[in-house]
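Please read the structure below before turning to the comments.
Protein chains: 2
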Amino acid sequence: MREKADVNQKIFVSAKEVADRAGVSRSAVSRTFTPGASVSEETRRRVMEAAEALGYHVNHLARGLMRNESGLVCLIVSEMDTPYRSSLIRAISHQLQAVSKIAMLINTDRSDKSVDDALRLAISYRADASIILSGMPDKSITDLCVKSGQRLVLINRDEEREGALMINLNDREAAHRAFIAFQRAGCRRVAFANSDVGTPSLMAREEGFVAAAIEAGVEVIVERFGPTRYQSGVILAQRLLTREARPDAIFCANDLLACGVMDTARHQFKLTVPDDICVIGFDYIEQCSWSSYDLTTFAQPVDQIAKEAVSWLTHPAKTDSIASQISPELVWRGSVRGG
Amino acid sequence: MREKADVNQKIFVSAKEVADRAGVSRSAVSRTFTPGASVSEETRRRVMEAAEALGYHVNHLARGLMRNESGLVCLIVSEMDTPYRSSLIRAISHQLQAVSKIAMLINTDRSDKSVDDALRLAISYRADASIILSGMPDKSITDLCVKSGQRLVLINRDEEREGALMINLNDREAAHRAFIAFQRAGCRRVAFANSDVGTPSLMAREEGFVAAAIEAGVEVIVERFGPTRYQSGVILAQRLLTREARPDAIFCANDLLACGVMDTARHQFKLTVPDDICVIGFDYIEQCSWSSYDLTTFAQPVDQIAKEAVSWLTHPAKTDSIASQISPELVWRGSVRGG
DNA sequence: GAAATTGTTGCACGCGATTGCAAAAAGAGG
DNA sequence: CCTCTTTTTGCAATCGCGTGCAACAATTTC
């Protein structure tokens, strides 16, 4: 009659059944699985035995309904197969598991609307918190989250949101250091290779770099193209290196761009790094340590970011909205002269 | 008094409140948000209006409790920041979202016990399904999953489990083709570079390659070391290339190893690819297309895998356990002569 | 031995939704 | 206008669990 229901029928064993088998009340079962509840050693043993035999597991959906705490944390992210993103996700979900929470993964496209939808989903699932790695949701939605008592963490999102924790890198300052490094290496013509997506942190790096150059009275070439991926780095390098005044130093908005730039400089333009051209990246993805690149870059401390985010989730908020500033460490490798 | 409760207090608006505001019964609200339920146009409008004003969202926890269908799908995976894994996760979570399901991410360490724990968690959350990308859970647990009506998908896991869908690559056959490719390129001394973790698919590649060589009456060198990462490739290359009879062709168990092997062959041993040595990888990670590598490799069709997995979740099982065999395509690039 | 204290246990209610059922309302047909 | 059919609606039961409350048992104290 109802074949669809038949197939999807889930028959999990409930606390009632365990109680019957153990010869105790349902409350006893519930208390056995509630840390800190009052149960005698004897009943606990019998309950555990019955639970084991029947394959009982507490229903976290129902528990979440009662406790008003689902244990779910929503991770909102786009292009999650990118090296930096995936390592951040890994770090976060690892930290979450350490405090018995569990990550729900939602990937979005570029649009802010899809981030809004993701947050709505988080609300529907009564997620304890949402961590946003990409895009920027509408204020009305974030307000609803906060009002509903959901925690909110924005990573490298720049824009402020009441009641949310914001973890940001000090992009400007880092960019400044990149410029100094180029100067020390004796570079004369510096350039900045950026994507054209214009996210706040990328723009901050650009602005910081340009500002440092202007401050030093040096001209700087800025080129922007495509998403922050390898292929864009290829195009950017082609544009930069065919210029009349060829740059001898390129600061790239992130490591993937840098890889594309380096490969193109070497293979297509037959330049050597760092003798003909110095390159600095940003993120500290694993590939940069590979001997084909050996890229000097700024390290985003993903573990620290993850730890800060998760520990804030488990601790009460101190003020209305908190900002955490992290200074990325410049990791010296072979793509810049000197060091 | 109870400061902790205060802080974690979540105050979501419930269907009751919406009903009151709209002047209808709770059932009407529920039906408005249940596709296919019978509600008049007028009440639906009033309900939606009230819901909008109050910021109401259906509680999926409670819905899941009633419907016995949480909408959650558990992804169990280790080392998820690895390029191949992260692209597979992306593909799967994307497909899941397309059918209104949502991925919970659990990362495990190497041990099978942690996979067991992950599955137990999946049961606790009444996940509609679990997809296992790493490790192999105990049969007692998988049986419990299947008995409870939870769907199970094993990707590249080899070992059989009753009631589960198994998606496997035809590793042996692919390895055979790799050997043929080397022969066509005129290679004389072939080698296989493997990790020593010994997962079924890696071993299948090794066995297939060795079998093909033996069949052709050619000797083959096999070296195993470490996890399937770049750094292991470096070590493997050092071991292989310092041998008296230096191989002129290396089939690597996966792309990361291949990258390490290539870099080491070039930079440390000053060999050129593919003239001095040919290399073939496995997985088709993005890095292999970078011009520093330009690696000939077997493409794991992640989108196809994801699609098969998810479509099986939404369709009734036809038989007890289903196996799907996929033949990876050999993508020819510059790391092998000829082609 | 009685009273006070401490520790367990079961009952019953509530969490926020879905849904079968029957009553009420609306529409159709003559 | 009345009857028959079709929609719409509200009531109440249900899902699996947590927990306050009161009853009860065990232990301590005087």
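Keeping their order, the protein sequence lines are chains A and B.
Sequential numbering of the first sequence, starting at 13, is according to our numbering.
Sequential numbering of the second sequence, starting at 13, is according to our numbering.
Even glycine gets a Cβ: it sits at the ideal position worked out from N, Cα and C.
Buried or exposed (CB count within 10 angstroms, at least 16 for buried), residue i
i, result
"M78 of chain B", "exposed"
"P47 of chain B", "exposed"
"A27 of chain B", "buried"
"T154 of chain A", "buried"
"W324 of chain A", "buried"
"A321 of chain A", "buried"
"W344 of chain B", "exposed"
"I104 of chain A", "buried"
"G210 of chain B", "exposed"
"R35 of chain A", "Note that residue 35 of chain A corresponds to Gly in the displayed sequence, not to Arg. With fewer than 16 other Cβ atoms within 10 Å, it is exposed."
"S347 of chain B", "buried"
"R275 of chain A", "Note on residue identity: the sequence assigns Asp, not Arg, to residue 275 of chain A. Per the 10 Å Cβ criterion, buried."
"E218 of chain A", "buried"
"V30 of chain B", "buried"
"S90 of chain A", "buried"
Any chain B beta carbon closer than 7 Å to residue i
i, result
"G6 of chain A", "Residue 6 of chain A lies beyond the stretch modelled for chain A, which goes from 13 to 351, so this question has no answer here."
"A63 of chain A", "no"
"H188 of chain A", "no"
"V343 of chain A", "no"
"A27 of chain A", "no"
"A203 of chain A", "no"
"N80 of chain A", "yes"
"V70 of chain A", "yes"
"D93 of chain A", "yes"
"V127 of chain A", "no"
"R138 of chain A", "yes"
Whole-angstrom C-beta distance between residue j and residue i, which should lie under 8 Å
i, j, result
"E81 of chain B", "D170 of chain B", "With 8 Å as the limit, E81 of chain B and D170 of chain B do not qualify as a contact, their Cβ atoms being about 30 Å apart."
"A203 of chain B", "A130 of chain B", "No, A203 of chain B and A130 of chain B are not in contact; Cβ-Cβ is about 36 Å, not under 8 Å."
"Q297 of chain A", "I179 of chain A", "The sequence given here places Ile at residue 297 of chain A; Gln does not occur at that position. About 19 Å; that fails the 8 Å criterion."
"S207 of chain B", "N168 of chain B", "The pair is not a contact, with the Cβ atoms about 14 Å apart (cut-off 8 Å)."
"A277 of chain B", "I289 of chain B", "6 Å"
"S98 of chain B", "D121 of chain A", "17 Å between Cβ atoms; not a contact."
"A224 of chain B", "H188 of chain B", "4 Å"
Closer than 7 Å to chain A by CB, residue i
i, result
"K22 of chain B", "yes"
"I135 of chain B", "yes"
"L325 of chain B", "no"
"G67 of chain B", "yes"
"R43 of chain B", "no"
"G147 of chain B", "no"
"A110 of chain B", "no"
"R102 of chain B", "yes"
"V222 of chain B", "no"
"S52 of chain B", "no"
"I114 of chain B", "yes"
"D275 of chain B", "yes"
"G161 of chain B", "yes"
"S304 of chain B", "yes"
"S99 of chain B", "yes"
"S142 of chain B", "no"
Residues bridged to residue i (per DSSP)
i, result
"R163 of chain A", "A:A141"
"T309 of chain B", "B:G293 and B:V343"
"C264 of chain A", "A:A205"
"V232 of chain B", "B:V202"
Where residue i falls: helix, strand or coil (DSSP)
i, result
"G346 of chain A", "coil"
"S90 of chain B", "strand"
"Q21 of chain A", "coil"
"S105 of chain B", "helix"
"S336 of chain A", "strand"
"E81 of chain B", "coil"
"L117 of chain A", "strand"
"E171 of chain A", "coil"
"M148 of chain A", "coil"
"L181 of chain A", "strand"
"H279 of chain A", "helix"
"G35 of chain B", "coil"
"R255 of chain B", "coil"
"R122 of chain A", "coil"
"V70 of chain A", "coil"
"G245 of chain A", "helix"
"M13 of chain B", "The predicted model places M13 of chain B with a pLDDT of 32, which falls under 50 and marks its position as unreliable, so this point remains unresolved."
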